[in-house]
Amino acid sequence: MWWCVLSQWTKGMFECSVLSLFPGLIVAYAKESILGRAQSQGIFRLHAVDIRAFAAGKHRVVDDVPYGGGAGMLMKVEPLVGAIEASRRQFPNAPIWLMGPCGRRFNREVARELAGAPGVVLVCGRYEGIDERVRAHIDGELSIGDYILTGGELAALCVMDAVVRLLPRALGNEASASFESFEDGLLEYPHYTRPPTFRGVGVPKVLLSGNHAHIAAWRRWQSLRRTQAWRPDLLVGRELCAEERRLLEQEEDVWSLDEEGA
Ligand code: SAH
C-alpha cells in the first residue's frame, strides 16, 4: 500500500510516523492547512503506516478476543510489534508513543519536548485497546485527556498538529506561536477583526489607537485577567513580576475601554 512505502530519514525535517488501522484518516487531516503546507515546504514529513500490512495470513487479522473473557476485541500483539519495529529501524532516534487514556497527559511541555526531537512515532489503538505485551516495545503512553475515544487517531492528530505548529517556519509568521495561549504560562488576550461594529458591539478603542505600547500593555492586562478568572491554576506557583502585579490591579476605565462604533 502506498502509505506503507517507508522512506529514509531526511536531515532537518521532522519525521512523524503514525501507525494506525485507518491511515487514511491521518493523511486526510494532514493534507490541509498548516500541516499540508509544512509538508510541501519540507518542514515535516508524515508517514501514515497501515498496521494491517504487518498482519499475517490471507485475511490479515489484527484483532482477537481477550483472554479471560470480557466485552470487545483487542489489537493483536504481532502486527503492532511488527509495525513498531519497522518504525524503530527507520527512525532510530524517534521516541515511540502509544496513544492511550492511561498515559502521560499531553500538554504544551510535552509538545515542546517532542518538537525538539528529529521525529516521533505515534501508535494508535482501536477496539478495547492493545495486547499488554506491546508495552515492552514502546517508550511511553500519551493521553490527550480523561475521556475515552474510539481510536487513537484523533489523539495522534492532536499531538501531531500541536507539535508541527512549534517547528521553526511551520506557521509562516514566526511570531504567531510565541503569543499563543500557554506560551508564557498565560491565556491569550482577546482578538478583534473587521467589521468595527457587529450587532451594536464595537471594538475596544485602545486597539484602534495606533499606540503600540498601550496596545501591548492592554493585551498583557487582558491575558493576566483572563488567566486569573478562567484558569487560576495556571498562576499557582508562577511568580508575577512587579509590572504584571501593577497591571492586574488596574481597573477597566484606565484603558478607556468604551467600544468604538458601539
Ligand atoms: N479500553 C480502554 C480504552 C480503549 S479506546 C480503556 O478503558 O482504557 C481505544 C483506543 O483509543 C485506545 O487504545 C487508544 O489508542 C485510543 N484512546 C482512547 N482514549 C484516548 C485518550 N484519552 N488519549 C489517547 N488515546 C486514546
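Heads up: the sequence shown begins at 10 in this note's numbering, then just goes up one per residue.
We put the beta carbon where it would ideally sit given N, CA and C, even for glycine.
| said: Going by DSSP, what residue range makes up the beta strand (DSSP E) through residue 114? | reply: The residue you call residue 114 lines up with position 105 of the sequence shown. 105 to 114 is the extent of the beta strand (DSSP E) around residue 114.
### Sheet register partners of residue 130 (DSSP bridge)
Start at 1 with the first residue of the sequence shown, and residue 130 comes out as number 121. According to DSSP, which records beta bridges pairwise, residue 130 is partnered with 26 and 105.
Item to complete: Could you tell me which of 93, 197 and 213 sits nearest to residue 204, measuring between CA atoms?
Response: Counted from its first residue, the sequence shown places residue 204 at position 195. That would be 213, whose Cα lies nearest to the Cα of residue 204.
Where residue 276 falls, given that 16 or more other Cβ within 10 Å makes a residue buried
Outside the modelled stretch of the chain, which goes from 10 to 271, sits residue 276, for which no answer is possible.
From this set, 120, 215 and 125, which residue's C-alpha is nearest residue 164's C-alpha?
Locating residue 164 in the sequence shown gives position 155, where the first residue counts as 1. Among 120, 215 and 125, the Cα nearest to that of residue 164 is on 120.
Next on the checklist: Considering Cα atoms alone, identify which of 191, 174, 188 and 87 is closest to residue 141.
Outcome noted: By one-based count along the sequence shown, residue 141 stands at place 132. Nearest of 191, 174, 188 and 87 to residue 141, Cα basis: 87.
request  = Taking residue 168 as part of the beta strand (DSSP E), name the residues at either end of that continuous run.
outcome  = Residue 168 sits at position 159 when you count from the first residue of the sequence shown. Careful: residue 168 lies outside any beta strand (DSSP E), inside the alpha helix (DSSP H) at 162 to 175.
Requested in this report: Determine the direct distance from the alpha carbon of residue 83 to that of residue 39, and round the result to whole angstroms.
Outcome: As a working mapping, residue 39 is identified with position 30 in the sequence shown. As a working mapping, residue 83 is identified with position 74 in the sequence shown. Approximately 27 Å, taken between the alpha carbons.
Open item on the list: Please classify residue 69 as buried or exposed, where buried requires at least 16 neighbouring CB atoms within 10 angstroms.
Closed with: The residue given as residue 69 occupies position 60 in the sequence shown. Burial call: exposed.
- Buried or exposed (CB count within 10 angstroms, at least 16 for buried), residue 53: Looking up residue 53 in the sequence shown gives position 44. The residue in question, residue 53, is buried, as its Cβ has 16 or more Cβ neighbours within 10 Å.
Excluding the five sequence neighbours on either side, which residues of its own chain have a C-beta within less than 8 Å of the C-beta of residue 257, listed in chain order? Taking the first residue of the sequence shown as position 1, residue 257 is located at position 248. For residue 257, where only same-chain residues beyond five positions count, the Cβ hits under 8 Å are 230, 233, 234, 237 and 249.
Excluding sequence positions up to five away, which residues of its chain have a Cβ less than 7 Å from the Cβ of residue 189?
Locating residue 189 in the sequence shown gives position 180, where the first residue counts as 1. 197.
For residue 259, I'd like the list of residues in its chain whose CB is within less than 8 Å of its CB, leaving aside the five on either flank, ordered along the chain. Taking the sequence shown and counting its residues from 1, one reaches residue 259 at position 250. Only 230 meet the Cβ criterion.
message: Just list the residues that DSSP pairs residue 139 with in beta bridges.
response: Along the sequence shown, read from residue 1 onward, the residue named residue 139 stands at position 130. Looking at the DSSP assignment, residue 139 forms a beta bridge with 84.
Which residues in the same chain have their Cβ closer than 7 Å to the Cβ of residue 4, if we skip the five residues on either side of it in sequence?
Because the chain here runs from 10 to 271, residue 4 falls outside it and cannot be looked at.
Note to self: If I measure Cβ to Cβ from residue 112 and keep anything under 7 Å in the same chain, skipping five residues before and after, which residues do I get?
What the structure shows: The residue given as residue 112 occupies position 103 in the sequence shown. Closer than 7 Å at Cβ, skipping near neighbours: 149, 150, 151 and 152.
| request: Indicate the three-state DSSP secondary structure (helix, strand or coil) for residue 238 in the structure shown. | output: Indexing the sequence shown from 1 puts residue 238 at position 229. Reduced to three states, the DSSP call for residue 238 is helix.
Three-state secondary structure (DSSP) at residue 10? As a working note, residue 10 is residue 1 in the sequence shown. The predicted model places residue 10 with a pLDDT of 42, which falls under 50 and marks its position as unreliable; any figure quoted below should be read in that light. Residue state, collapsed to three classes: coil.
inquiry  = Give me the residue from 99, 123, 61 and 134 with the minimum Cα distance to residue 109.
reply    = Translated into the one-based positions of the sequence shown, residue 109 becomes position 100. The option with the nearest alpha carbon to residue 109 is 134.
- Apart from the five residues just before and just after residue 105, which ones in its own chain have a Cβ nearer than 7 Å to its Cβ? Sequence index remark: in the sequence shown, residue 105 carries index 96 (1-based). Closer than 7 Å at Cβ, skipping near neighbours: 93, 96, 97, 130, 132, 147 and 148.
Have a look at residue 192 and residue 117 and give me their C-alpha separation to the nearest angstrom.
Within the sequence shown, residue 192 is the residue found at index 183, counting from 1. Within the sequence shown, residue 117 is the residue found at index 108, counting from 1. When rounded, the distance between both Cα atoms is 8 Å.
Practice problem: List the DSSP bridge partners of residue 42. | Solution: Counted from its first residue, the sequence shown places residue 42 at position 33. Residue 42 pairs with nothing; no bridge assigned.
>> Here's the rule I'm using: 16 or more other beta-carbon atoms within 10 Å means buried, otherwise exposed. How should residue 67 be labelled?
In response: In the sequence shown, counting from the first residue as 1, residue 67 sits at position 58. When all chains shown are included, residue 67 counts as exposed.
**Asked** Mind checking whether the beta-carbon of residue 133 lies closer than 7 Å to any heavy atom of ligand 3?
**Response** Among the ligands present in this structure, namely ligand 1, ligand 3 is not found.
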